[in-house]
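*Asks:*
Protein chains: 2
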Amino acid sequence: MSPATVSRVLSGRRNVDPELSEKVRAAVAELGYRPNGVARNLRRASTNLWAVVISDIENPFFTSLVRGLEDVAQTEGYHVVLCNSDEDPAKEAAYASAVLTEQMAGVVISPTSTAEGVQQLDEAKTPMVLIDRRVEGVEADTVLVDNEHGAFEGVNHLIEGGYRRIACITGPRRVSTAMDRLAGYRAALRAGGIRFSKDLVRHADFREAGGFAAMESLLDLPEPPEALFVTNNLMTVGALECLAKRGLRAPDDIAVVGFDDIPWADLVVPSLTTVAQPTYELGRTAGLLLKDRIASPGRPPSTVTLRTELHIRATSAPKK
Amino acid sequence: MSPATVSRVLSGRRNVDPELSEKVRAAVAELGYRPNGVARNLRRASTNLWAVVISDIENPFFTSLVRGLEDVAQTEGYHVVLCNSDEDPAKEAAYASAVLTEQMAGVVISPTSTAEGVQQLDEAKTPMVLIDRRVEGVEADTVLVDNEHGAFEGVNHLIEGGYRRIACITGPRRVSTAMDRLAGYRAALRAGGIRFSKDLVRHADFREAGGFAAMESLLDLPEPPEALFVTNNLMTVGALECLAKRGLRAPDDIAVVGFDDIPWADLVVPSLTTVAQPTYELGRTAGLLLKDRIASPGRPPSTVTLRTELHIRATSAPKK
DNA sequence: CTGTTAGCGCATTCAG
DNA sequence: CTGAATGCGCTAACAG
Chain H
1 MSPATVSRVL SGRRNVDPEL SEKVRAAVAE LGYRPNGVAR NLRRASTNLW
51 AVVISDIENP FFTSLVRGLE DVAQTEGYHV VLCNSDEDPA KEAAYASAVL
101 TEQMAGVVIS PTSTAEGVQQ LDEAKTPMVL IDRRVEGVEA DTVLVDNEHG
151 AFEGVNHLIE GGYRRIACIT GPRRVSTAMD RLAGYRAALR AGGIRFSKDL
201 VRHADFREAG GFAAMESLLD LPEPPEALFV TNNLMTVGAL ECLAKRGLRA
251 PDDIAVVGFD DIPWADLVVP SLTTVAQPTY ELGRTAGLLL KDRIASPGRP
301 PSTVTLRTEL HIRATSAPKK
Chain F
1 MSPATVSRVL SGRRNVDPEL SEKVRAAVAE LGYRPNGVAR NLRRASTNLW
51 AVVISDIENP FFTSLVRGLE DVAQTEGYHV VLCNSDEDPA KEAAYASAVL
101 TEQMAGVVIS PTSTAEGVQQ LDEAKTPMVL IDRRVEGVEA DTVLVDNEHG
151 AFEGVNHLIE GGYRRIACIT GPRRVSTAMD RLAGYRAALR AGGIRFSKDL
201 VRHADFREAG GFAAMESLLD LPEPPEALFV TNNLMTVGAL ECLAKRGLRA
251 PDDIAVVGFD DIPWADLVVP SLTTVAQPTY ELGRTAGLLL KDRIASPGRP
301 PSTVTLRTEL HIRATSAPKK
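These protein sequences, in sequence, are chains H and F. Residue numbering for the first sequence follows UniProt numbering, beginning at 1 and increasing consecutively. Residue numbering for the second sequence follows UniProt numbering, beginning at 1 and increasing consecutively.
1. Taking contact to mean at least 3 C-beta pairs separated by less than 8 Å, is the region 9-29 of chain F in contact with the region 294-312 of chain H?
2. From Pro222(H) to Phe152(H), what does the alpha carbon distance come to, in whole angstroms?
3. Chain H partners of Gln103(F), CB-CB under 8 Å?
4. DSSP three-state label for Phe259(H), please.
5. Would Ser11(F) count as contacting chain H if we go by Cβ distances under 8 Å?
6. Going by beta carbon distance, what residues of the same chain come within less than 8 Å of Asp146(F), once the five residues before and after it are set aside?
7. For Thr114(H) and Ala227(F), what's the separation of their Cα atoms in angstroms?
8. Taking only beta-carbon positions, decide if His63(H) is within less than 8 Å of chain F.
9. Reducing DSSP to helix, strand and coil, say where Phe229(F) ends up.
10. Establish whether the CB of Thr47(F) and some CB of chain H are separated by less than 8 Å.
11. In chain F, which residues lie less than 9 Å from Pro60(H) when you measure between Cβ atoms?
12. Could you tell me whether the Cβ of Ala98(H) comes closer than 8 Å to any Cβ of chain F?
13. Specify whether the region 228-237 of chain F and the region 252-266 of chain F touch according to this definition: at least 3 beta carbon pairs, one from each stretch, less than 8 Å apart.
14. Kindly list the residues whose CB is nearer than 7 Å to the CB of Thr303(F), restricted to its own chain and excluding five residues on each side of it in sequence; keep chain order.
15. What did DSSP end up calling Arg313(F) once you bin it into helix, strand or coil?
16. Can you give, in chain order, each stretch of the alpha helix (DSSP H) that sits fully within the UniProt domain "HTH lacI-type" (1-44) of chain F and has at least 4 residues?
17. Under 9 Å Cβ-Cβ, which residues of chain H neighbour Glu76(F)?
18. By the 10 Å Cβ neighbour count, where 16 or more other Cβ atoms means buried, how is Gly291(F) classified, buried or exposed?
19. Where do the ends of the alpha helix (DSSP H) carrying Val118(H) lie?
20. Taking the alpha-carbon positions, what's the Pro60(F) to Val53(F) distance?
21. Helix, strand or coil: how does DSSP classify Val108(H) here?
22. List, in order along the chain, the chain H residues whose C-beta lies closer than 8 Å to that of Val66(F)?
23. Mind checking which residues open and close the beta strand (DSSP E) that includes Ala265(F)?
24. For Glu70(H), which residues in chain F fall below 9 Å Cβ to Cβ?
25. When the Cα atoms are used, what is the spatial distance from Gly171(H) to Asp56(H)?
26. How would you label Tyr33(H), buried or exposed, when you count the other beta carbons within 10 angstroms and need 16 or more for buried?
27. I think Thr236(F) touches Thr273(F), with their Cβ atoms under 8 Å apart; what is that distance to the nearest whole Å?
28. As an exercise, report each continuous alpha helix (DSSP H) stretch of at least 4 residues that is fully enclosed by the region 152-207 of chain H, in chain order.
29. Taking Leu121(H) as the query, report the chain F residues whose CB atoms sit under 9 Å from its CB, ordered along the chain.
30. Residues of chain H with CB under 7 Å from Leu42(F), in chain order?
31. I think Gly283(H) touches Leu65(H), with their Cβ atoms under 8 Å apart; what is that distance to the nearest whole Å?
32. By Cβ distance, which residues of its chain are closer than 6 Å to Ala188(F), with the 5 residues on each side in sequence left out?
33. Below 9 Å on C-beta distance, what does Glu241(F) contact in chain H?
34. For Leu248(F), which three-state DSSP category applies?
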């Protein structure tokens with residue numbers, strides 16, 4: 001029997017005599033034969049690996065997203081390689097390089113501020129899906145949430161609760177997500193007839209320590225805010241820690257709305273009001289887009305925008 | 001110039017004339033040449049991939065562990081492939097099979113109850129590190145925590161708080177971790193002069209719903225417990241949800257100690273007392289063991305046991 | 001429908 | 001120290 005026949009049977013080609021096919025299967029079972037995936041990859045000039053490049057798997061936002069992606073990958077016959085960029089453009093670039101040399105089939109990536117790796121992959125025409133953030137000058141499939149609208153809803157909810165002096169802690173200016181959410185904050189203020197004040201806005205780094213420091217600086221204002229909108233989960237945690245350290249409580253001393261849900265938010269007291277993102281769906285959608293991109297590389301890129309959902313809990317209770 | 005020379009330069013062999021070496025580097029930069037990792041893998045008969053097979057990346061226990069592993073992998077030049085087994089032996093076996101056909105360099109695995117995949121990998125002599133759980137009949141490098149001692153400390157802490165009727169929700173009988181922690185619970189009762197009662201023990205499935213159901217059944221006892229020890233984080237969350245649903249509060253109605261920390265446990269009120277595991281270190285240690293195993297396959301297997309740490313917070317306040 | 005053949009790109013012989 | 005030649009195991013193209 002020829003190797004070609006075996007190959008055909010094992011790759012599930014149809015044009016093989018059922019009888020021969022059965023003989024092959026029997027022999028395979030008998031000998032415990034196992035195809036060599038690496039050789040197959042070399043021949044096909046592509047692997048069955050997807051890379052997911054995110055800033056940190058320890059952030060629950062990404063954890064759930066990765067889970068969604070991995071579920072799609074599994075049903076489509078791919079494996080997911082986990083890459084933590086830690087928001088470091090150099091690490092992102094290093095992983096992009098690895099994607100190319102290891103001939104991975106595709107990439108799902110949340111770009112760092114300079115998006116070095118993204119550029120590299122774009123030039124190499126690697127199947128790629130951007131998640132969470134847009135990148136100027138790169139035309140690629142993208143999965144986002146309605147950041148501006150979500151922020152609007154969160155801040156508007158505070159305004160409806162009677163708060164007017166509302167601060168905002170957002171992310172770096174170079175990150176689209178930070179700017180989109182800030183825009184939603186401004187739009188809500190405008191709609192509520194509240195004047196925007198630069199003094200109540202802080203740009204931090206999307207991390208816990210950044211949120212902590214920003215909160216400190218806001219509390220040290222001559223006239224501290226009576227409510228706060230924070231544009232991601234880690235900075236929200238940092239801000240809450242700062243409040244706890246100063247003996248302040250939400251919502252009595254300052255009302256709080258955060259972007260991104262945190263695990264088991266319902267259990268904690270006082271429970272945190274959030275603009276929740278459909279994180280699992282984000283990952284799942286990215287996986288489906290990547291699959292399509294691989295199947296038809298020529299197709300024009302599409303952007304999918306998913307909706308956020310305001311989860312009203314205790315920290316945003318109306319002003320007394 | 002010959003391909004062999006280029007190969008030698010790029011793999012950092014010493015025996016190449018510095019001048020030629022420089023010329024190669026220049027040409028590589030000039031032409032934007034990129035070595036083909038897949039071909040290298042075929043030739044070397046091994047890839048630079050590590051698989052990490054865990055039940056669910058959405059469980060913070062595994063998230064942090066994977067982060068620790070990935071950090072080691074990165075410094076050692078490996079990539080981490082993420083595999084969610086969902087405690088399903090069939091999925092575990094499927095991933096084990098993929099590890100073999102894709103010629104991955106090693107595996108870090110948290111075995112399911114029947115450990116089908118683990119057996120497969122063991123027979124194939126794949127470099128493998130077991131985490132979190134032991135497997136009967138498999139001699140492999142293992143990273144554990146001192147489960148019995150950790151459980152002892154947690155339960156003893158409740159006893160010292162004046163509680164005597166202490167229940168325990170643990171995991172399946174086939175999982176070593178569940179039994180080790182149950183043993184610690186029994187030992188603490190014995191040391192405290194409290195009679196062990198089977199009626200106060202529940203075996204659930206290490207998931208949220210299981211913890212919820214077990215809590216219900218304990219609360220429905222003619223004489224419900226006054227304190228509770230739960231042997232993992234998800235079941236603890238389930239138990240707390242059950243309490244919340246019934247309008248009961250910890251520690252006033254029932255004191256609670258959980259195994260595994262949960263993210264930002266300090267922020268929540270009432271904050272949860274836990275037997276915390278060094279999850280990042282668990283992953284890091286597994287990575288270091290795997291590296292050593294790959295370097296010297298003949299070496300006898302070793303087991304590393306890390307210490308848990310009792311984090312005393314509000315839900316275990318002494319009995320009034 | 002099946003067999004023969006060639007070559008993917010590299011690392012490793014072995015000669016020189 | 002360098003170059004030429006071989007083969008890792010598979011699949012695609014072609015011939016029968």
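C-beta: ideal position from N, C-alpha, C; glycine also. All of these numbers come straight from a predicted model, not from anything done at the bench.
*Replies:* According to the structure shown:
1. The region 9-29 of chain F and the region 294-312 of chain H do not touch, with fewer than 3 CB-CB distances between them shorter than 8 Å.
2. 27 Å
3. Asn36, Gly37 and Val38
4. strand
5. Chain H contact via Cβ: absent.
6. Thr305, Leu306, Arg307 and Thr308
7. Whole-angstrom Cα-Cα distance: 53 Å.
8. A quick correction: the sequence has Thr, not His, at residue 63(H). Interface residue, yes.
9. strand
10. Yes, because at least one Cβ of chain H sits closer than 8 Å to the Cβ of Thr47(F).
11. The contacting residues are Glu58, Pro60, Thr63 and Pro263.
12. yes
13. yes
14. Thr142 and Leu144
15. In the structure shown, Arg313(F) adopts coil according to DSSP, grouped into three states.
16. 3-10, 18-31 and 37-44
17. In chain order: nothing, as chain H lies at least about 13 Å away.
18. Here the sequence assigns Lys to residue 291(F), which means Gly is not the residue at that position. With 16 or more other Cβ atoms within 10 Å, it is buried.
19. Glu116 to Glu123
20. 15 Å
21. strand
22. Ile57 and Leu82
23. Neither: Ala265(F) is in no beta strand (DSSP E) and is coded neither H nor E.
24. Ile57, Leu82, Cys83 and Asn84
25. Across the structure, Gly171(H) and Asp56(H) are spaced so that their CA atoms are roughly 16 Å apart.
26. exposed
27. Thr273(F) and Thr236(F) do not touch by the CB rule: their CB atoms are close to 10 Å apart, not below 8 Å.
28. 176-191
29. Those do not exist, as Leu121(H) stays about 13 Å from chain F at its closest Cβ, beyond 9 Å.
30. Chain H residues near Leu42(F): Val38, Ala39 and Leu42.
31. With a contact defined as Cβ atoms closer than 8 Å, Gly283(H) and Leu65(H) qualify at about 4 Å.
32. Phe152, Val155 and Asn156
33. Trp264, Asp266 and Leu267
34. Residue state, collapsed to three classes: coil.
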